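Engineer:
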Amino acid sequence: MSEPEVGGIAADRLRSIIDRIERLEEERKGLANDIKDIYAEAKSAGFDVPVVRRIISARKKEPSEIEEQETLFDIYRRALGM
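The opening position of the sequence shown corresponds to residue 1 in UniProt numbering, with each subsequent residue numbered one higher.
In structure tokens:
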């Protein structure tokens, strides 16, 4: 049985794709709120949230990439007399 087509578009397939995307968008909103709550918890526990975010970002990178960025950061700071 083939999907009904409207103007050359498989409507059931399109509806299914849109429904899945909308469901995932809602899940993402929920996750974003959970993450926001955890950052608030970190802040209330006395942690510096920007540093926590920087660590999370660094953990996603390869060690060589982190080293290169830190080297450039130090070079830029010295160039600015910091």
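Don't be surprised by glycine CBs; every beta carbon is placed ideally from N, CA and C.
If you're wondering where the values come from, they're calculated on a predicted model, not measured in any experiment.
#1: Straight-line CA distance for L72 to G81?
#2: Where do the N-terminal and C-terminal ends of the alpha helix (DSSP H) with K36 fall, by residue?
#3: Beta carbon of V52, beta carbon of A40: below 8 Å?
#4: Under the three-state reduction of DSSP, which class applies to E65: helix, strand or coil?
Structural biologist: Let's see:
#1: 14 Å
#2: 11–44
#3: no
#4: Correct three-state label for E65: helix.
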